[in-house]
Amino acid sequence: MTEQTAKKPISLPLKILIAMVLGAALGFVIGEKATYIQFIGDVFIRLLKMCIYPLIFVSIINGISQVADMSRLKKVGGYFLVYWAIASTLAATTGLVWAFIIKPGIGIKLGAKEVPEVDVDLLQSLVNWVPNNPFSAFAEGNILQIIVFALICGFILASFKDTVHGQRIFDMFDSLNEFFTRIVGWVIALAPYGVFALVANITGTLGSTVLYGLGKMLMTQYLAYGTVIVIIYPLILAFIAKVSPLQHFRNIYPAMLLAFSTCSSSATLPLTMKSTKERAGVPEDMVNLIAPPAATINMHACAAEMPIYAVFAAQIYGVDLPFTSLLVIIALGIIMAAGVAGVPGGGIIMSAVLLQVMGLPLDIVPWIAGIYYLIDMPNTMINVTGDTVGMVTVASLMKELDLGVFNAKK
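Heads up: the sequence shown begins at 14 in my numbering, then just goes up one per residue.
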């Protein structure tokens, strides 16, 4: 065995986790002197902000145009879109409820923060989401208006994507999405340095309270994920698809295990499609239609994690989130889960976007990055499982599910 083959490169998530541990250790050792390296983390935060606006715009257009394209294919797309909306809303609500039960941010104080309310008048708030000038929305960093403009552009593009001009525009945004994804990949590659500096600074000034808060946040994530996979999915399978939840998990467990180990819905897609067709009895044409876009936009675990980050940050800064702000958090969690799927470090980017919208500082983003590998494994598994639950449910509602294959002993 040569030296080149013997040395396996360290994965980026592991590098970030190591950087977080080393940063915390340095902070404990040198205390407040860790503020001298905070500027490294500040540069990383600014680079993250640099990516947010163009990435959100082009990725949502890409994602929504795929959804709209699927919805045009009559019943199959329509049924799956209803499933996507309901299951994503339930997942996001689950994350929000657990965040208020566990209160992961209570006990950590980074100073008071005034947050502009999103909501006193809900109707006026909705009006304010529509940009007068999309260019000013980008210049001012108004992410809600950017998202609305991107949604409009995505649906309009999808309506004439089959034309020559529409295909050219779609290809352009597809290329732009790839371009900005590469930029994000470069920024995320710098995450270990930013995480090291910021965690060292925070730990040096606050001590073990940060680690305690991160542990509570991680527990909140796992409880939310557990609720989705143990309660929400079985209820959908049992009462809507009218099949055995346990049998379904037996059918698709190979895809679940691969998703957990690779942390990649895209890498798992071939096995997801194979398991759903050959082990769960969903018709091949239906799987071919639903599975590829579902792997991009049907992200229930991502929808569940976003509200947890928002509540975590709000509790740290002593911010009260009114009811309509909570509705905004749920809606944004669903939209961003569809819009930034497949982006390297997508959950980290989404958390930064959500905090920016709510007017909260991005100080906790490096904390999220530091433990994201522990979040990403069950996250990806649930996202893949949700795709298969949706396909089985649609096939059952359309009376096309092969129950002989589904119920066969595996």
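We put the beta carbon where it would ideally sit given N, CA and C, even for glycine. On a predicted model such as this, the values are computed, not experimentally measured, just so you know.
- Taking every protein chain shown into account, the CB of Pro22 has fewer than 16 other CB atoms within 10 angstroms, so this residue is exposed.
- Around the CB of Arg292, 16 or more other CB atoms lie within 10 Å, so the residue is classed as buried.
- Membership of Thr48 in any alpha helix (DSSP H) is not indicated, and neither H nor E is assigned to it by DSSP.
- Comparing alpha-carbon positions, the option among Leu387, Ala213, Ser72 lying closest to Asp376 turns out to be Ala213.
- Counting of Cβ neighbours within 10 angstroms places Lys174 among the buried residues, the total reaching 16 or more.
- The beta-carbon separation of Ile182 and Ile69, rounded to 18 Å, does not stay under the 8 Å limit for a contact.
- Shown here for Leu211: same chain residues with a beta carbon closer than 6 Å to its own, the five before and five after excluded, namely Gly54, Pro379 in chain order.
- Per DSSP, the continuous alpha helix (DSSP H) segment holding Cys315 begins and ends at 313–329.
- For Ala365, the number of other beta carbons within 10 angstroms of its own is at least 16, and it is reported as buried.
- The C-alpha of Leu373 is placed about 36 Å away from the C-alpha of Ile303.
- Beta-carbon to beta-carbon, His313 and Ile381 are separated by about 19 Å, too far to satisfy the 8 Å threshold.
- Remark: C-beta atoms of Ile115 and Tyr385 do not approach each other more closely than 8 Å.
- Judged by DSSP secondary structure, Val161 falls within the alpha helix (DSSP H) whose first and last residues are 156–172.
- Here DSSP, grouped into helix, strand and coil, assigns Cys64 to helix.
- Contact annotation: the region 335–354 touches the region 104–118, with at least three C-beta pairs closer than 8 Å.
- Burial check for Ala47: the Cβ neighbour count within 10 Å reaches 16 or more, so the residue is buried.
- About 7 Å separates the beta carbon of Pro305 from that of Leu282, a gap short enough to meet the 8 Å contact definition.
- DSSP places Phe262 in the uninterrupted alpha helix (DSSP H) bounded by 258–275.
- Between Phe151 and Ala408, the alpha-carbon positions lie close to 42 Å from each other.
- Here Ile242 carries a helix assignment [DSSP, helix/strand/coil].
- Looking at the backbone, the Cα of Met185 and that of Lys412 are separated by about 39 Å.
- Put simply, of Ala327, Gly331, Ala350 the residue whose alpha carbon is nearest the alpha carbon of Leu339 is Ala327.
- Counted as a single uninterrupted DSSP element, the stretch harbouring Asn145 is not any alpha helix (DSSP H), since DSSP gives it neither H nor E.
- DSSP places Ser188 inside the alpha helix (DSSP H), whose first and last residues are 177–202.
- When the alpha-carbon of Phe93 is set against those of Ile201, Ile310, Met269, Asp415, the nearest one is in Ile310.
- With distances taken between CA atoms, Leu270 lies nearest to Val397 out of Val397, Ile119, Gly40, Trp111.
- Spanning the alpha carbons of Met319 and Gly226 requires a straight line of approximately 17 Å.
- With a beta-carbon spacing of about 17 Å, Thr401 and Ile244 fall beyond the 8 Å limit used to define contacts.
- Taking each of Val95, Val241, Ser78, Ala237 in turn and checking the Cα distance to Gly167, the smallest one comes out for Ser78.
- CA-to-CA, the gap between Ile58 and Leu368 works out to about 12 Å.
- By the neighbour-count definition (other C-beta atoms within 10 Å, threshold 16), Trp111 is a buried residue.
- In the three-state reduction of the DSSP assignment, Ser288 falls in the helix class.
- Check the Cα spacing between Lys287 and each of Pro258, Asn301, Leu203: the tightest is with Asn301.
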